[in-house]
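Read through the structure below, which is laid out as structure tokens, and then see the notes.
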């Protein structure tokens, strides 16, 4: 059972387009992290959201945590080829063993 | 540049070989992790060390043996691997114990091919 459903799995768009990646669950998370991974490198943390309804901006990237802390979205405005990569969401479930639950990832290709 | 350094970057080994992957961080992080990642898939947790003690083993086969010599170093000893073990092996660290929750800092991984 995949606890974190991430969609879409693959996305190929033209430079300048906008896109949104979704991360959904029926479980409540104490926090949710977004990572980007480029080919040949490890994942790099983009943002952590912890409060229901929280919105964080990182240049052209906007991250939102759902009010019930069960879902999150990543919106990219005016995508650029440098945004190409694998986007991963990872949630922490409250409890004694706060292991990360990973989404399956969104492979984004931004074409010039 | 990542602050978590992994060596080697690439490794090709036969099924009868013994090799080791190494990971180093000097950020003072108290938790270190080994993950396995297949192409375009999320990382899969293998082991977690917290304050130099093994705290999580995700039912990993014994042909993978982790070691944490000190708070900055993490090794993964490999023996009698199978071709399906070919993958990117990622090391990560976090400032706090996993039970307290803190984001992960990943190295760039070792690309392992088992022939």
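Protein chains in written order, with this note's numbering: chain H, 1 to 112; chain W, 1 to 115.
The beta carbon of each residue, even a glycine, is placed where N, CA and C say it ideally should be.
Checklist entry - From what residue to what residue does the beta strand (DSSP E) around residue 37 of chain W run? => result Indexing the second chain from 1 puts residue 37 of chain W at position 37. It spans 31–37 - the beta strand (DSSP E) in which residue 37 of chain W sits, taken as one unbroken run.
Checklist entry - Using a Cβ-Cβ cut-off of 6 Å (strictly less than) and excluding sequence neighbours within five positions of residue 22 of chain H, which residues of its own chain qualify? => result In the first chain, counting from the first residue as 1, residue 22 of chain H sits at position 22. Taken in chain order, the residues that qualify are 7 and 73.
Next on the checklist: Contact between the segment 86–100 of chain W and the segment 25–34 of chain W is defined here as three or more beta-carbon pairs at a separation below 8 Å; is this criterion met?
Outcome noted: yes
Next on the checklist: Does residue 71 of chain H come out as helix, strand or coil in the three-state DSSP assignment?
Outcome noted: Locating residue 71 of chain H in the first chain gives position 71, where the first residue counts as 1. Three-state DSSP puts residue 71 of chain H in a strand.
Next on the checklist: Just to check my reading of the structure: residue 44 of chain W and residue 68 of chain W have Cβ atoms closer than 8 Å, yes? What is that Cβ distance to the nearest angstrom?
Outcome noted: As a first step, residue 44 of chain W must be located in the second chain, where it is residue number 44. As a first step, residue 68 of chain W must be located in the second chain, where it is residue number 68. Between residue 68 of chain W and residue 44 of chain W the Cβ distance is about 20 Å, and since that is not below 8 Å, they are no contact.
Item to check | Helix, strand or coil at residue 84 of chain W [DSSP, three-state] | outcome: The count along the second chain starts at 1 and reaches residue 84 of chain W at position 84. DSSP places residue 84 of chain W in helix when its eight states are reduced to three.
Next on the checklist: Check whether the segment 50–57 of chain H and the segment 99–112 of chain H are in contact - that is, three or more C-beta pairs closer than 8 Å.
Outcome noted: no
Item to check | Opening and closing residue of the beta strand (DSSP E) in which residue 69 of chain W lies | outcome: Position 69 of the second chain, counting from 1, holds the residue named residue 69 of chain W. First-last of the beta strand (DSSP E) with residue 69 of chain W: 64–70.
Checklist entry - Taking only beta-carbon atoms, is residue 66 of chain W less than 7 Å away from chain H? => result Residue mapping note: residue 66 of chain W aligns to position 66 of the second chain, counting from 1. It does not; no Cβ of chain H falls within 7 Å.
Item to check | Residue from W:49, W:41, W:18 and W:39 with nearest C-alpha to residue 31 of chain W | outcome: Numbered from its first residue, the second chain carries residue 31 of chain W at position 31. For residue 31 of chain W, the nearest C-alpha among the options comes from W:49.
Checklist entry - Which same chain residues, not among the five before or five after residue 77 of chain H, have their C-beta less than 7 Å away from its C-beta? => result On the first chain, residue 77 of chain H is found 77 positions in, with the first residue counted as 1. Correct list, in chain order: 18 and 60.
Next on the checklist: Would residue 87 of chain W and residue 6 of chain W qualify as a contact pair, given that the criterion is a beta-carbon distance under 7 Å?
Outcome noted: For the purposes of this step, residue 87 of chain W is taken as the residue at position 87 of the second chain. For the purposes of this step, residue 6 of chain W is taken as the residue at position 6 of the second chain. No. Outside cutoff.
Next on the checklist: Taking 7 Å as the threshold (C-beta atoms), are residue 110 of chain W and residue 8 of chain W in contact?
Outcome noted: Within the second chain, the letter at position 8 stands for residue 8 of chain W. Within the second chain, the letter at position 110 stands for residue 110 of chain W. A contact, by the Cβ cut-off of 7 Å.
Next on the checklist: Is it buried or exposed, residue 184 of chain W, if we count other Cβ atoms within 10 angstroms and call 16 or more buried?
Outcome noted: Residue 184 of chain W lies beyond the residue range present for chain W, which begins at 1 and ends at 115; the question has no answer from this structure.
Item to check | Three-state secondary structure (DSSP) of residue 82 of chain H | outcome: In the first chain, counting from the first residue as 1, residue 82 of chain H sits at position 82. It is helical.
Checklist entry - Under the rule that 16 or more other beta-carbon atoms within 10 Å means buried, what is residue 39 of chain W, buried or exposed? => result Taking the first residue of the second chain as position 1, residue 39 of chain W is located at position 39. When all chains shown are included, residue 39 of chain W counts as exposed.
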